Structure formats: C-alpha cells, structure tokens
Amino acid sequence: TIGKSAFLNGRNGILGNGTLNRFSVILDYRDEKVWLKPNRNINRAFTYDRSGLQLLAYGLNLNQFNVQSVLPGSPAAEADIRPGDQVMRVGRLPASLFSLHDILKKLQKSPGTRIKIVVKRDGKRIRKTITLRDLV
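Counting from 1 along the sequence shown, just add 131 to a position and that's the residue number in the numbering used here.
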C-alpha cells in the first residue's frame, strides 16, 4: 500500500470542477485575487457519492486506485472494503481503464445500484458488491 503523505504532498484539498463549473473564474494576477462570478449552473443540484469510499489515484497515468478511507456504516463499510485496499476492477473492467472521475461517477449512480468491485488486500483479490444508497 501507499502512504497517505505520498498522495497529498502537503495539500489540504482540491476545489474541483463540480464547484468551479458553477462560476466564471477571473484571475487577477496584479492584485493576487480570484473572483468567482455565478453562472447559469449555480443552482444545478450537486450529485454525491453514495458508497462511502474515498479513493486516491496514483501511478504514472493516475489510473491506479487505493481506498484512503471508508465512511463508517456506509455501503462500502457494509461490503467490508477497507482503507489500504487497492481497487483492481470496477464492474467487469480493470480499474486501470478508468479515470478517478469515471469511478466517482459510478459511485454517484441511483440508490439501489449494485457496483461490483475487486480489491487487492494482503496480496489476495477479493470480490465485493456495494449497493449504493443516499448517505446522511
């Protein structure tokens, strides 16, 4: 497994496209400011993870995935997916064929959707099924 510090490089987080696409972003280099002007997407509903997994992408092409954390009581916890598990397959395809965005979109599908996943733990491949639901 790969340690958390190797992924984060001292960062506190990333402001992603799910938020930024709701604004026109204006960079004022001279005054060292960023301006966000709401656009037509400002009121669009957010879609959220329904699995309870937090994944980290790594590797040369960022197409290898480790479980960083699992929300207690979530569908991923109920499927016995654990921090440190390496995601090997999602559905019928190798995880390396996906981007992190692709996997996260699958984990946002409708409640009741079943996601088959194969993880590698302690050198063994283990099949799991996550049944998505809204998290509170």
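Yeah, the Cβ is synthetic: ideal placement off N, Cα and C, and Gly gets one too.
Every value quoted in this text rests on a predicted model; they were computed, and no experiment measured them.
What residues in its chain sit with their C-beta under 7 angstroms from that of residue i, if we drop five residues either side in the sequence?
i, result
"Arg256", "Met219, Val249"
"Lys168", "Phe154, Ser155, Ile157"
"Asn152", "Asn172"
"Pro242", "Arg181, Leu263, Arg264, Asp265"
"Ser227", "Asn194, Gln195"
"Gly147", "none"
Work out the CA separation of residue j and residue i for me, nearest whole Å.
i, j, result
"Asn194", "Trp166", "33 angstroms"
"Asn192", "Gly254", "22 angstroms"
"Ala176", "Gly183", "19 angstroms"
"Gln199", "Thr244", "22 angstroms"
"Gly203", "Asn174", "Inspection of the sequence shows that residue 203 is occupied by Pro rather than by Gly. Roughly 30 angstroms separates the two Cα atoms."
"Tyr160", "Glu209", "48 angstroms"
"Ile133", "Asn170", "Legend: pLDDT at Ile133 = 46, less than 50; position of this residue unreliable, value from coordinates given subsequently. If I take the Cα positions, the gap works out to 39 angstroms."
"Thr150", "Thr178", "11 angstroms"
"Gly246", "Phe229", "It is worth fixing the name first, because residue 246 is Ile in this sequence and not Gly. For Ile246 and Phe229, the distance between alpha carbons rounds to 14 angstroms."
Measure the CB-CB distance between residue i and residue j and report whether it falls below 7 angstroms.
i, j, result
"Val201", "Ile212", "yes"
"Ala207", "Ile261", "yes"
"Lys240", "Leu224", "no"
"Asp180", "Leu238", "yes"
"Asp216", "Arg252", "yes"
What residues in its chain sit with their C-beta under 8 angstroms from that of residue i, if we drop five residues either side in the sequence?
i, result
"Asp162", "none"
"Leu235", "Asp180, Leu186"
If you count every other CB in all the chains shown that lies within 10 Å of the CB of residue i, and 16 or more means buried, which is it?
i, result
"Asn197", "buried"
"Ser205", "buried"
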